[in-house]
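Heads up, the thing below is written out as structure tokens.
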Amino acid sequence: MLPEFSRRAIEAWAGGLVRDLGGFIWQWTGRLVLVAVYFLAAALIVQIVVRVLHFFRYKTRWDFGLGILRREGSAVFFSLVQGMITYAVFIVTTLLVLRRVFQVDTAALVTASGIVGLAIGFGTQGLVRDFMSGLFLILDGSLRPGDVVDIGGQSGVVQAVSLRTTTLLDAQGEVRYLPNGSIGAIVNYRGKGLEAVVAVFVPEGTYRSEEDAREQVAPAVEGLRKAMPFFDEDWAAEVRSVPGTGAEILQLSFRVLPARRALIDQVLVPVLRDALARAGVKVHQDRVVVYYREPGGGRREAAGRREASWRRGISGRPDAPGPREKSESSHKP
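Its first residue numbered 1, the sequence shown is counted upward by one per residue in the working numbering.
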């Protein structure tokens, strides 16, 4: 049996250990409860902000005069704002927890974070420029998937617009990734592109129907499209009569990218002439007219309409009565 003195010493030590352990557990339990309260409050604030953003986006017509709530880029805009607010709220909450719960001096931590952020900002200027440019491209609706555009001399169909890059599909089927920060002037045809119309004057009565005309030129046109796919596969053929001229018009229409217009004159017209010559069809007065219009038979693009007669002194519109009538010669798209 232990002496009285030893027994009391052990009891005192055990009691102190229990008190210290209990105080430690109580202290850290309280701290953990405070941490949970802080972060629950932060999550509640984030949810309130999300509900407010959702309300402004879907339930109101008030768009702060910016016109962004009903645009296609509003989803990206609101997700970006939501992400920024979420990060900001939880970062501030973390700093408050470190300072008020764990008594950590956060001043030095904030200063060091600012220096690191400044260094990262200098090193990623290009990335930040691409990011901001992509954000404004999405918000103002300059580029949308499906648009036919001309960007810095590169034409194609917009596949996707992200905050970092714009994906462009050109006439050759090549996918191009353009950094948003490098995008300058944009010519947007809003998904329409241009419709090139090639009007070939042939002797009257050459074709009995449009099907005959299409069958005659289809092998040459399809062969060219497979070799050089600068126009769409849905091309059309039409035969029109021109009373009093002894001629009729074989009119072919092609959907082309704006930057590929020159290939219509340089490649397509010679191929058509060769195909007609092999079929024994003579071009009436050597007249071939090329002009451009909006897809679907809209108004003609006066700036792009011009004569491609391939013979000096012969020019005019496809429905002109005589071979000497001049057409417009501007070359703007």
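Note that the Cβ used here is the ideal one computed from N, Cα and C, for glycine as well. Here the structure is a predicted model, which is why all the values come from computation and not from measurement.
Item, Value
"Ignoring anything shorter than 3 residues, give me the beta strand (DSSP E) runs that lie fully in the region 218-276, in order along the chain.", "236-242, 247-256"
"On the criterion of 16 or more Cβ atoms from any shown chain inside 10 Å, does E248 qualify as buried, or is it exposed?", "buried"
"May I ask which residues mark the beginning and end of the beta strand (DSSP E) holding V187?", "186-188"
"Inspect the CB distances between the region 154-163 and the region 111-118 and report whether three or more fall short of 8 Å.", "no"
"Flag this pair as touching only if the region 131-138 and the region 176-187 have three or more C-beta atom pairs under 8 Å; answer yes or no.", "yes"
"Quick one: what's got a C-beta closer than 8 Å to P258's C-beta in the same chain, skipping five residues either side?", "V148, D150, S155, V187, Y189, G193, L194, P333"
"Can you tell me whether DSSP reads F56 as helix, strand or coil?", "helix"
"Which residue or residues does DSSP assign as beta-bridge partners of Y177?", "T167"
"For R260, does the count of other Cβ atoms within 10 angstroms reach 16, so buried, or fall short, so exposed?", "buried"
"Going by DSSP, name the residue or residues bridged to G156.", "V149"
"Counting pairs of beta carbons, one from the region 232-241 and one from the region 275-290, are three or more of them closer than 8 Å?", "no"
"Determine, using beta carbons only, whether R31 and V101 come nearer to each other than 8 Å.", "yes"
"Taking all protein chains shown into account, decide if S253 is buried (16 or more other Cβ within 10 angstroms of its Cβ) or exposed.", "buried"
"Between V197 and L178, what straight-line distance do the alpha-carbon atoms span, to the nearest angstrom?", "31 Å"
"Given that a residue counts as buried once 16 or more other Cβ atoms are within 10 Å of its Cβ, and exposed if not, what is L40?", "exposed"
"If you follow the beta strand (DSSP E) that R293 is part of, which residue opens it and which one closes it?", "288-293"
"Measure from the alpha carbon of R255 to the alpha carbon of each residue in A275, V271, P243, P229, then state which is nearest.", "P229"
"Quick one: what's got a C-beta closer than 7 Å to E210's C-beta in the same chain, skipping five residues either side?", "A237, E238, V239"
"Would DSSP call V198 helix, strand or coil?", "strand"
"In angstroms with no decimal places, state the Cα-to-Cα distance between R51 and A75.", "14 Å"
"Have a look at V271 and P219 and give me their C-alpha separation to the nearest angstrom.", "10 Å"
"If you reduce the DSSP assignment to three classes, tell me which class V161 lands in.", "strand"
"Out of curiosity, what's the CA-to-CA distance linking A108 and V89?", "20 Å"
"Under 8 Å, do L268 and A213 count as touching if we go by C-beta distance?", "no"
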